[in-house]
Every structure is written in C-alpha cells, then in structure tokens.
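Quick note, the sequence shown lines up with residues 2 to 425 if you use this note's numbering.
Using N, Cα and C, we set each Cβ at its ideal position, and we do this for glycine too.
Everything numeric in this text was worked out from a predicted model, so none of it was measured.
Written out below as structure tokens is the structure these notes cover.
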Amino acid sequence: MYRRRHGWSHLRLRHRYLRWSDDNGFVSEKFFPSVYEKQKKDHVSNQYCRFDSVSLTLFTSSLYLAALCSSIVASYVTRKFGRKISMLLGGVLFCAGALLNGFATAVWMLIVGRLLLGFGIGFTNQSVPLYLSEMAPYKFRGALNIGFQLSITIGILIANVLNFFFSKISGWGWRLSLGGAVVPALIITVGSLILPDTPNSMIERASKLVEHPWRNLLQRKYRPHLTMAILIPAFQQLTGINVIMFYAPVLFQTIGFGSDAALISAVVTGLVNVGATVVSIYGVDKWGRRFLFLEGGFQMLISQVAVAAAIGAKFGVDGNPGVLPKWYAIVVVLFICIYVAAFAWSWGPLGWLVPSEIFPLEIRSAAQSITVSMNMIFTFLIASSVFDDALPLEVWIVHILRVFRGGDVDFRLLLLTGDKRSTD
2 MYRRRHGWSH LRLRHRYLRW SDDNGFVSEK FFPSVYEKQK KDHVSNQYCR
52 FDSVSLTLFT SSLYLAALCS SIVASYVTRK FGRKISMLLG GVLFCAGALL
102 NGFATAVWML IVGRLLLGFG IGFTNQSVPL YLSEMAPYKF RGALNIGFQL
152 SITIGILIAN VLNFFFSKIS GWGWRLSLGG AVVPALIITV GSLILPDTPN
202 SMIERASKLV EHPWRNLLQR KYRPHLTMAI LIPAFQQLTG INVIMFYAPV
252 LFQTIGFGSD AALISAVVTG LVNVGATVVS IYGVDKWGRR FLFLEGGFQM
302 LISQVAVAAA IGAKFGVDGN PGVLPKWYAI VVVLFICIYV AAFAWSWGPL
352 GWLVPSEIFP LEIRSAAQSI TVSMNMIFTF LIASSVFDDA LPLEVWIVHI
402 LRVFRGGDVD FRLLLLTGDK RSTD
C-alpha cells in the first residue's frame, strides 16, 4: 500500500510541478517580449493591471481547456481499460509536453506543449483520486488520499525554489524550468508499469451495471451525487486560491516586493501550504470532512476580507500607483498565509477526496469526469481573468470571490451532513 501511495504521490508532484513551473512567468521575456517590456518600463500604471495581455492569457489558460477536453475521453479510458492505463497515458503526455516546452523555439511549440500537458492533467486527475480511494483501507482512506495533495504542495515548493535559481540563468534558465518537469514525468510513467490496477476497476470493467455510467448518472437517485460533482469543484476554484498561488510572484511584486523577494514570498506560502496539508492528513479521519470544510471556509472568508481591505485601502479600487510600506506588505502576506493554510487543510484536499468517496461504482467514471471538467472550467476562468485586461486583477475580484466563499460555507451547512467518514 505504501509503495502504491508513493507512486501516486509522484504523479501528483509531477502534475503540480509542471503546472507551477511553466505558469511562473520566466518565458515571458522570450515569447511575450511586449508584456515583458511593458512590465519593466511601466512604473506608474494601474497596480492591478500591469500584466494584461490576451496572448499571455491564452498561453496560461490553454492548459486547462485541454485538460477539460481530455477529461471526457479519460472517463471512457479509465472505465474501459482501468486506472493504471489512464495513469500511463497521463505520464506519457506529460513527458511529451515537457520535452516540447523545454526545446521550444517558437510560440506554437510552447502552446502545443502546454496542450499536451493539459491532456496529461485530464487523465491523471480522472484516475488518481479514484485509485487512492479504491486502494486505501477504509480506516485510513482520508489520510492516504490526502497524501497526493501533500505531494502537490511539496511540488509547488520545489518548483518555486528551482524557479528562483533558474531565473538567475540568463538566456536558457526558462528551459530548465519547463523541461526539467520531464524527470518526475518519467518517474510516474515507469512507475505506472509496475502498479496493479484496483479491484473495483476490474469489477467495473466486467460488470454490465456500469456499461452506461452517463445514463445512470442522470437517474433521480443519483442527483445528489451529480450536484456534489458540480458544486464541490466549482466552489474549490471559486475560493480564489489560483489567483493567489498560480501568480504568487506576480502578486507579491505588484504589492511592493522586489523580484527576488516575490519568489521568496512564494516559497513562504509554499511552506505554509505543506505544513497545513500535514494538518489535514492528521485531522481528516479524526475531525471529519464536514468540520474541515466549514472551518476552512470561515477562515478563508475572514482572510479574504482582510486582504481586500488592506490592498484596497492602499491602491483603491482604481489601482493608484505606489508601493506598500514594508510593514504593510508583511501584514498582507500574513493574511495570505492564513488564507493558504485554510485552503490547504480543507477545500484543497477535500475537493478531490470527497467526490471520489461518494460516487457508487456504476456512476464513478462519469461523475469523476464531471468533477474534473468543472474544476478545469473554473480554473480556466480564473486563470483567464487574472491577466486579461477585460477583467483586471482589481480589489473587486477579491470581494467577488469572498461572496462565493460565503456561498460555499452555506452549501456545506445546508446540504452536507454525516459523521467523520461517511459523507464524509
């Protein structure tokens, strides 16, 4: 069991390593020079809109559209051929995408590479949570499943540290940032060849009851499951975590830190992310899913109010130019860390754990596909809005996300019940 979990943890580490390393912005100087030059020269523009670019937006968010499309295909592959094959395909696609990005000489190569990475995400997100839930003992299912989320957070931290040093290498450091992801991709590709498939997967492939999972999912008795498959990943992304974490270096630089300090601050949030995920592993089977959902929701709500008020008080709603005093910026970072910790022990891991637990076998592949698709749709919308000048990163975004944060707390209070492990 521990060997299996270790293999799947590498999958998630690789997954997040790829997403973070190529979203970090080191390629902008070579492939998006206009954005790079504008950011360097423009010191008096709106603090919320210093990185607006349609091309950069499409580059950043294309990965999630590809993941959305591939999740539908991955649903069929996972059901028909097993979780193991989905993992193998995800690893191969990631490997190809990382190599293409690392050796890119034109924008089209970069975009095709990102599309391949997106296809890999679709396959791995479809199969990983199911595999872990089906292989883990009931007593420790929550903790073992969150083990992959711990690897995500470790991958984020490693990527931030590596990118800090790669950014110092003039000319080709970005190639290491993108192409280096091939190492964990190869590990998971090779590892998938020796992992056994799950018993549930074998039963699913042999059973006539799961020949039409999409049709089954529309039955009246499965409407609660369909509701959860849609709302849980939607609220997970509407917490706004990707606004903070995907572009942490950009955010910290915008609120007054220097270029190096921005990456150092991202490392700080990465450490908080890892530590809080360890707390979730300890508490998920002890305190219950519902408690962590609610506590994390309230904590994120309070933190978002504080961050929105702090940034809004300094820059206003129009992004008045200027930088934050050091002590002021530290306060903002502190509340961001509190926010990240809340997400890391609640909606981060539970957003994948709970859906994978509640789906019966006859609808599991279809329901998980909807979960992945909804996650990618909202990730795409959030990723697109951050750089697009049609919806700049203004303080109002934080207020809007705060409204959704209150909505998901109400959702948990009204719709979800159960003990520590049932619907939990």
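Closest Cα partner of residue i within the set the options
i: G148; options: V373, C96, T278; result: T278
i: I331; options: I195, V373, I265; result: I265
i: A99; options: L219, M375, S178; result: S178
i: E358; options: L116, G119, K140; result: K140
i: T106; options: W175, V162, L163, G313; result: W175
i: L382; options: P361, K287, E296, Q238; result: Q238
i: P356; options: G180, Y65, Y223; result: Y223
i: N201; options: W348, T79, W328; result: T79
i: Y348; options: F124, G180, L196, G289; result: What sits at residue 348 in the sequence shown is Trp, not Tyr. Checked all of F124, G180, L196, G289; the closest Cα to W348 is G289.
i: P361; options: F379, Q220, V285, I378; result: Q220
i: A310; options: V333, W328, R291; result: V333
i: D198; options: A186, I159, V129; result: V129
i: R115; options: L66, R142, L163; result: L66
i: G103; options: V183, W215, I195; result: V183
i: T125; options: V108, A314, A186, F166; result: A186
i: A343; options: F292, F253, L133, P214; result: F292
i: I245; options: K81, T380, A97; result: T380
i: F253; options: R216, W215, I378, Y329; result: Y329
i: M203; options: E296, K81, S370, K327; result: K81
i: Q369; options: E296, W215, G313, V308; result: W215
Cβ-heavy atom distance, residue i to the ligand FAD, below 7 Å
i: E296; result: In the structure on display, the ligand FAD does not appear, and there are no ligands present to speak of.
Beta-carbon gap between residue i and residue j smaller than 8 Å
i: N274; j: V341; result: yes
i: L145; j: A137; result: yes
i: L507; j: F294; result: No information on residue 507 is available, as it lies outside the stretch 2 to 425 that the chain covers here.
i: S193; j: L89; result: yes
i: R206; j: G91; result: no
i: L118; j: M110; result: no
i: F95; j: G121; result: yes
i: Q127; j: S76; result: yes
i: V93; j: T190; result: yes
i: W346; j: S281; result: yes
i: A267; j: N161; result: yes
i: G143; j: L354; result: yes
i: K85; j: L196; result: yes
Expected contact under 8 Å - CB spacing of residue i and residue j to nearest Å
i: C338; j: T270; result: 6 Å
i: S63; j: I112; result: 6 Å
i: L272; j: L158; result: 6 Å
Beta carbon proximity, residue i to chain C, threshold 8 Å
i: A160; result: Note that chain C does not occur in the displayed structure, where there is just one protein chain.
Subject >> Inter-stretch contact (C-beta, 8 Å, three-pair minimum) for the segment 292 to 302 and the segment 364 to 384 >> reply: With the cut-off at 8 Å, the segment 292 to 302 and the segment 364 to 384 do not touch.
Original post:
Any contact of the segment 218 to 234 with the segment 367 to 383, i.e. 3+ C-beta pairs under 8 Å?
Top reply: Note that the segment 218 to 234 touches the segment 367 to 383; at least 3 beta-carbon pairs, one per stretch, sit closer than 8 Å.
Original post:
Are the segment 149 to 163 and the segment 60 to 80 touching by the rule of at least three beta carbon pairs closer than 8 Å?
Top reply: Here the segment 149 to 163 does not lie against the segment 60 to 80, with fewer than 3 beta-carbon pairs under 8 Å apart.
Original post:
What runs of the alpha helix (DSSP H), each 4 residues or longer, lie entirely inside the segment 74 to 121?
Top reply: Entirely contained in the segment 74 to 121, the alpha helix (DSSP H) runs reaching 4 residues are, in chain order, 84 to 103.
**OP:** Return the chain-ordered ranges of every alpha helix (DSSP H) run that is complete within the segment 268 to 319 and spans a minimum of 4 residues.
**Re:** Listed in chain order, the complete alpha helix (DSSP H) runs (minimum 4 residues) inside the segment 268 to 319 are 290 to 316.
Original post:
Can you list the alpha helix (DSSP H) stretches of 4 or more residues lying completely in the segment 134 to 216, in chain order?
Top reply: Counting only runs of 4 or more residues that sit fully inside the segment 134 to 216, the alpha helix (DSSP H) segments are 142 to 167, 174 to 180, 183 to 193, 200 to 207, in chain order.
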